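Student: Numbered per this note's numbering, the sequence shown finishes at 329, counting up by one with no gaps.
So that we are looking at the same thing, I have put the structure below in structure tokens.
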Amino acid sequence: GDIFQVVLSQRWEAAFRQDPFRVYRELRKLNPSPYLFYLEMAGQALAGSSPEVMVRLEQGKITVRPIAGTRRRGRDLQDEIRMEREMLQDPKEVAEHIMLVDLGRNDVGRVAETGSVQVTELMAVEKYSHVMHLVSNVEGRLKPHCDALDVLKATFPAGTLSGAPKIRAMEIIEELEAGRRGPYGGAVGYFDFYGNMDTAITIRSLAFAKGKVWFQSGGGIVLDSKPELEYLESSNKAKAMVEALKRCC
């Protein structure tokens, strides 16, 4: 085949005439996350509660933190432990995660000093309101002649939202998804005057424009993926956004 993995998404869309900021307030209560943002631009709005860093540059240290591997939260403590153990012991999830960690290492290595790229955390479990994830941390030291924009160019888009190899995966996404992604899978963040940068991947996010709201969620598809489980994973990721909208309608 042409690729090892592609990250396909599905889109939800509805009429919406309420205040988008109310949805953001509900979303941040329902799904507290490291990156919370609300942007308004020329009749459009974007509200998000993203768990995943796109790329960060702080005092010369580059960080990417790929998320790959998802299970729903448990119904009780016993079920929670079972879901966590199942995720950690699933050969498909582990193989997919390691592949995306390697992709992150390669991306960082394009702008990092030789020998400085390290995996400082591997397959930790992070828990959010409706799902839990496998997460790793990849770091490197910035090359002297590179800057924050070079770092973003080297790592964007995230492999966890596109696939591997990235370019062919993006071509397949263009062929198979019903419409353009817009902000989904992109990045929201800042560049400062000291050469630092911090960006989040635009997931767990809702876009508002022209009396409509839409959002997307997806998952990584590999050779041995089971369609019904991938659909369930995508739906679980969407639950916080659906609930936030219900609370405002």
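Where a beta carbon is used, it is the ideal one built from N, C-alpha and C, also for glycine.
In this text the structure is predicted, and so the values were computed from the model without any measurement.
With distances taken from CA atoms, which of Ala287, Met163, Pro100 is nearest Gln296?
Tutor: Ala287
Student: Closest by CA to Gln169, which one among Lys290, Asp187, Val205?
Tutor: Val205
Student: Where are the alpha helix (DSSP H) runs, 4 residues long or more, that stay fully inside the stretch 169 to 248, in chain order?
Tutor: 171 to 189, 228 to 235, 239 to 242
Student: Where does Lys306 fall in DSSP's three states?
Tutor: coil
Student: Hey, how far is the Cα of Thr194 from the Cα of Leu222?
Tutor: 10 Å
Student: When the Cα atoms are used, what is the spatial distance from Glu257 to Gln85?
Tutor: 15 Å
Student: Is the stretch 93 to 100 touching the stretch 182 to 194 in the sense that three or more CB pairs, one from each, lie closer than 8 Å?
Tutor: By the criterion of at least three beta-carbon pairs nearer than 8 Å, the stretch 182 to 194 is not in contact with the stretch 93 to 100.
Student: Just checking my contact of Ala289 with Gln124 at CB under 8 Å: how many whole Å lie between their CB atoms?
Tutor: 4 Å
Student: Counting C-beta neighbours from all protein chains within 10 Å, is the total for Gly291 16 or more, i.e. buried, or is it exposed?
Tutor: Residue burial is scored here from C-beta neighbours: Gly291 has fewer than 16 other C-beta atoms within 10 angstroms and is therefore classed as exposed.
Student: For Gln158, which beta-bridge partners are listed by DSSP?
Tutor: Partner(s): none; Gln158 has no beta bridge.
Student: Out of curiosity, what's the CA-to-CA distance linking Arg105 and Ser315?
Tutor: 21 Å
Student: Would the beta-carbon of Glu138 fall within 9 Å of that of Ala238?
Tutor: No; because the gap between Cβ atoms is not below 9 Å, this pair is not in contact.
Student: Just the C-alpha distance for Leu232 and Leu119, rounded to the nearest angstrom, thanks.
Tutor: Going from the Cα of Leu232 to the Cα of Leu119 covers about 20 Å.
Student: My understanding is that His210 touches Lys319, with C-beta atoms under 8 Å, so please give their C-beta distance in whole angstroms.
Tutor: 4 Å
Student: Count the other CB atoms, across all protein chains shown, that sit within 10 Å of the CB of Ile142; report buried if there are 16 or more and exposed otherwise.
Tutor: buried
Student: In angstroms with no decimal places, state the Cα-to-Cα distance between Val135 and Cys329.
Tutor: So the alpha carbons of these two residues sit roughly 35 Å apart.
Student: Going by C-alpha to C-alpha distance, which of Pro171, Thr235, Leu312 sits closest to Asn186?
Tutor: Thr235
Student: For Ala125, which three-state DSSP category applies?
Tutor: strand
Student: Please classify Ile161: is it buried, with 16 or more other beta-carbons within 10 angstroms of its beta-carbon, or exposed?
Tutor: exposed
Student: Pick from Gly259, His177, Glu166: whose alpha carbon is nearest that of Ile147?
Tutor: His177
Student: Going along the chain, which residues of its own chain have a beta-carbon closer than 7 Å to the beta-carbon of Thr200, five neighbours each way excluded?
Tutor: Close CB contacts of Thr200 within its chain, under the 7 Å cut and outside five residues either way in sequence, are with Asn217, Glu219 (chain order).
Student: Here's the rule I'm using: 16 or more other beta-carbon atoms within 10 Å means buried, otherwise exposed. How should Lys317 be labelled?
Tutor: buried
Student: Quick one: is Arg155 buried, meaning 16 or more other Cβ sit within 10 Å of its Cβ, or exposed?
Tutor: exposed
Student: For the alpha helix (DSSP H) that contains Arg108, what are its first and last residues?
Tutor: 100 to 110
Student: Quick check on Ala122: buried or exposed, where buried means 16 or more other Cβ atoms within 10 Å of its Cβ?
Tutor: exposed
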